[in-house]
Each structure stands twice: as structure tokens, then as C-alpha cells.
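The sequence shown runs 7 to 247 under my numbering. Virtual Cβ for every residue (Gly too), placed ideally from N, Cα, C.
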Amino acid sequence: MFWKKKKSRITRISCGDLDVEVRQKQIRNFYLRVYPDEGNVVLSAPIGAALAEMEAFIENKREWISRHLSQKKRRQTIDTLRAREGETVPVWGVQNRVRYKRTKPRSANVYADETLMLGLLKGDGEAEVHRLLCEFYRKEMKQKIPEIISVYEQRMGVRVNEFGVKKMKTRWGSCNTRANRIWLNLELALYSPSVLEFVVVHEMVHLLERLHNRRFYRFMDHYLPDWRKQDGLLKNGHEIC
Numbered sequence: 007m008f009w010k011k012k013k014s015r016i017t018r019i020s021c022g023d024l025d026v027e028v029r030q031k032q033i034r035n036f037y038l039r040v041y042p043d044e045g046n047v048v049l050s051a052p053i054g055a056a057l058a059e060m061e062a063f064i065e066n067k068r069e070w071i072s073r074h075l076s077q078k079k080r081r082q083t084i085d086t087l088r089a090r091e092g093e094t095v096p097v098w099g100v101q102n103r104v105r106y107k108r109t110k111p112r113s114a115n116v117y118a119d120e121t122l123m124l125g126l127l128k129g130d131g132e133a134e135v136h137r138l139l140c141e142f143y144r145k146e147m148k149q150k151i152p153e154i155i156s157v158y159e160q161r162m163g164v165r166v167n168e169f170g171v172k173k174m175k176t177r178w179g180s181c182n183t184r185a186n187r188i189w190l191n192l193e194l195a196l197y198s199p200s201v202l203e204f205v206v207v208h209e210m211v212h213l214l215e216r217l218h219n220r221r222f223y224r225f226m227d228h229y230l231p232d233w234r235k236q237d238g239l240l241k242n243g244h245e246i247c
């Protein structure tokens, strides 16, 4: 086993045939996340945790890690998420473990230890949990989208009069060029913020060029040079329109 140092608090540990990414945070306990589709293993550890402690924790979980790495997961969608207590759901590309508590009114908050705390009323069932989860995703998106729009309005010299977030069955986004209005798929909150940025920029470029032609993609290359990487993450999902 050996320890690879990096400048940030994100480092890596090699434990036999396992290469584990370590994220040191202001938390008290160790948490493991396995991403079968990418073949990645991520350990969240307290700042200052000893290497021996990390190695022991990983070795203790080796069978669990191997079992989960072998399970190729289907792409998660808003409608397939159940958010049962103890399970994980994606928030901006990071799997967060779901916890419940009794509150009034209902609430949803993400914490530094990658926990999604859902505050529920007495008697709430799966329907209420799913509705709360969708409201949480919508709120998260509406907090991030205005900043992205503002940045690219200045760069492109265009104006977005209105934006909205909703469930979309076949598209990640759409643009009404007459009204300068864009719509974004609620499901984008499951992906990293860079994917949301890509879709917003894509729709805003339609204010410069309505069609998907060479001119359109020249604009994409100019304003977001790595857009193809983000596009690749969405290839198995809906279309970008």
C-alpha cells in the first residue's frame, strides 16, 4: 500500500487491486461510495485521519466494495428514485445517503457528510417523499441557473427573459427563440453542475443560431470548449434541443 500526495484534500490510496479516492472533510466518521458505472471507489474521511485507519476501513469493506463494483447500475431518473431511508440518491453528481426526521413543515437539506436529510410529517409515505425530493431538486436548480445565465448573457450579448424547470420526457432542455425563454429538465439536478451549465449554454446559443448547424457548433466551441465531454455524460438519456 502507498499514499499519493496531492496539493488538495483529495488524495488516493492504493490497497492491493483497489485504487480509492480519498476526500478529507470536516466530518467525524468514514463513508464509502462506490460508482459501478465508472468503476470508482470514494472514501470520505475526517481531516487528519491516519493512513492506517483508512486502510483498515477499506480492507474491512473489501467484499462489500467488490460486490457493488460488479453491479452495473441502470441510469437513475427522477421517477425511478425512491429515496428510502438509508439508500443513496444523486445530488449534483454526488451520491448522498438519505435520512429521515420528523419536522413541520417538510424540509430537505444536504450536509457536508453527503447526507440528504428529509424532514417529513407523520404519516408521510412514498408519494410525499418523492414529491419532496422533486421540490428539493427544483429549488436547487433555480438557485444555480440564474448565475449561469447571467455569466453567459454578458459573454454572448443575449438576453434570457424567462427560464423554467420541469420534468421533460424526451429533452434535456428547450428554447423558445421568439420569447427568449428556456426550459430545463428537472433531472439535470442528478448530474454535476458542469452538465447543467452545458445544457443552459446550449439553449442560450439558440438565441444566436436557431438551427443545429456548423455555425451553432462554432458558437458552442467558442463559449464552452469542453462541451462534448458534458454531452457524452447525457448520451444515454434524452436529446438536447
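- Using a 10 angstroms sphere on the CB of Y197, the tally of other CB atoms reaches 16 or more, which defines it as buried.
- Under the criterion of beta carbons closer than 8 Å, V95 and L87 qualify as touching, at roughly 5 Å.
- Restricted to the region 61–110, the beta strand (DSSP E) segments that are unbroken, complete and at least 3 residues in length are 94–97, 100–108, listed in chain order.
- The alpha carbon of H228 has as its nearest neighbour, out of G179, I33, Y158, the alpha carbon of Y158.
- The Cβ atoms of Y37 and S50 lie closer than 8 Å to each other.
- Remark: C-beta atoms of L122 and V135 do not approach each other more closely than 8 Å.
- Below 8 Å, enough C-beta pairs join the region 154–171 and the region 185–201 to call them touching: three or more.
- Around the beta-carbon of Q236, 16 or more other beta-carbon atoms lie within 10 Å, marking it buried.
- With a 10 Å radius around the Cβ and a threshold of 16 neighbouring Cβ atoms, I16 comes out exposed.
- Under the 8 Å Cβ criterion, the region 51–65 does not count as touching the region 107–115, having fewer than three qualifying pairs.
- Per DSSP, A133 is one residue of the alpha helix (DSSP H) stretching across 132–162.
- Rounded to whole angstroms, the Cβ separation of V205 and L230 is 10 Å, and the two are not in contact under 8 Å.
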